Each structure stands twice: as structure tokens, then as C-alpha cells.
Amino acid sequence: QDTHLLNVKYDGLALGSLSGYYYNFAEDKAGGYDLDTFGVRFNGVTDSGSSKLLYTAEYASQDNGTSEPAYYLLEGGVQFAGVTAKLGHEVLGSDEGIGFNTPLATKHKFQGWADQFLGTPGEGIEDTYISIGTKLAGVKLLAVYHDYETEESGTDLGSEWGLVVAKKLAKNYGLSLKYADYSASDESGKADKAKLWLTGTAKF
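Residue numbers -3 to 200, in my numbering, belong to the letters of the sequence shown in order.
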């Protein structure tokens, strides 16, 4: 596989930073993909006294040789009294029955921990999500809810909620519990799925 990546970032704006990027992924085999992706991303933080406003907007277009699906992201949030809340809408679009492809992406991090959408459906996917996180007595708490539907026809793909509880133990150790519960819709063609992780970390 041949990979070419270019990312340019400008931090001189008062409200945030602006990035532009070009990614090319090509599989050197019969039937392999050849993707040209161009995108722009803006994100920032505004301090408004006792709280902070968070915002991100991103757009990308992808040429796969036969179609040009697009990607959109709008996310807003607020930090107040140790609590961070975010509301976002992410779209991996579809064109000619081919969804926006992300060969290097960590879909587990962004599109639900139950891992039901590790590949973009042919009709694309829209993910509307909300997250709330805080830290109490040194314990990190994060709750996330996702609502999924196809980008092309608006078909309901189900919903998912997840929870993380994490604690740093001493200087070099940590423990975390993660749970995800996906509820399939009748139209999704999927089954309900629940996953649970208990993870310990150590640094030497």
C-alpha cells in the first residue's frame, strides 16, 4: 500500500486553529482502492469567564475513482464546573452506493465502542451524539450516547450508549472499566450488542 499524507495547520486565528489536509491511499493490487481525500478543519476554545465554549467544524471530499462521497462534522460543547458536555453530528457520506472510506481511522473511538460500524455502509452513516464527562475524587467518568441513520435514505440504524470509569493508581498504574450497549433497529439488519472491558495499565 502506498500512502501520502499532507497536513498544514495555522494557529494565528483568534478563535481557534485552521487545518487543511490531503491524504492519498492506494492499494497496489487488483481491485484495490485509490483514494484522494481533501479536507479542512476548524476547532477552538473560547474562555467566557467561569466556562469555556468548545467548537469544531470539518469538511472533506473523497475521490475514489468512481464516486465522490463527502464527510462533515459539526461539534459544540461547554466546560463548566469541572463538567464537559458535547453535542455533535458526524456524517460519512455516500455517492453511487459507496461510502466515505477511512483506512487509517480508529472507528472504535468515534462511532461507538460496540464496534458495529467499523466500515462505512454503502448508504453512508450519520451519527448524532452527546457526551458528558467529569472527574470526581480522581475518578474519570464519561457517558456517551449515539443515534445512527444512513446518510442517503435516513434509515434508522439503531442507537448506542457507553460509559467509562477510569482511575489512576499511584504514579504508573491505572484501571478502567468501559461498557457499551448497542440497540439495533428493525431496519439495520443487525442484532443488539453489549461489550464490557476491564483494563489495567502499567508504565515503566
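Don't be surprised by glycine CBs; every beta carbon is placed ideally from N, CA and C. Small disclaimer: the values here were computed from a predicted structure and weren't measured.
Which residue's Cα is closest to the Cα of residue i: the options?
i	options	result
Ala139	Val161, Gly118, Ala77	Val161
Leu9	Leu153, Thr42, Tyr18	Thr42
Lys186	Asn168, Tyr169, Glu156	Glu156
Gly12	Thr33, Asn3, Arg37	Arg37
Tyr144	Leu14, Leu88, Asn60	Leu88
Ala180	Asp152, Gly45, Asp30, Phe34	Asp152
Phe76	Leu49, Tyr55, Ser63, Gly84	Leu49
Val128	Gly115, His142, Thr116	One detail in the question is off: residue 128 reads as Ile in this sequence, not Val. When each option's Cα is compared against that of Ile128, the closest is His142.
Ala56	Tyr67, Thr62, Ser63	Tyr67
Leu194	Leu132, Ser63, Tyr175, Lys82	Tyr175
Asp30	Thr62, Asp177, Ser44, Gly196	Thr62
Gly40	Ser15, Asp59, Ser46, Ala110	Ser15
Gly72	Glu183, Thr124, Lys131	Thr124
Thr80	Ser172, Lys131, Val4	Lys131
Using 10 angstroms around the beta-carbon of residue i, count the other beta-carbons present and answer buried if the total reaches 16, otherwise exposed.
i	result
Gly92	First, the amino acid is wrong: residue 92 is Glu here, not Gly. Classification for Glu92: exposed.
Ala101	exposed
Gln107	buried
Ser90	buried
Pro65	buried
For residue i, write down the residues that DSSP places opposite it in a beta bridge.
i	result
Gln58	Thr33
Asp91	Ile94
Ser13	Asn39
Lys164	Gly170
Ala53	Phe38, Leu70
Glu183	Glu183 pairs with nothing; no bridge assigned.
On the premise that residue j lies in contact with residue i, defined as a C-beta separation below 8 Å, what is that separation, rounded to the nearest angstrom?
i	j	result
Ile126	Phe113	In fact, because the Cβ distance is near 17 Å, the residues do not count as touching under 8 Å.
Leu171	Gly196	5 Å
Should residue i be flagged as near chain C, meaning a C-beta pair shorter than 8 Å?
i	result
Lys48	Looking at the structure shown, chain C is missing, and only one protein chain is on hand.
Query - Any alpha helix (DSSP H) of 4 or more consecutive residues that is wholly inside the segment 74 to 146 - result: 103 to 106
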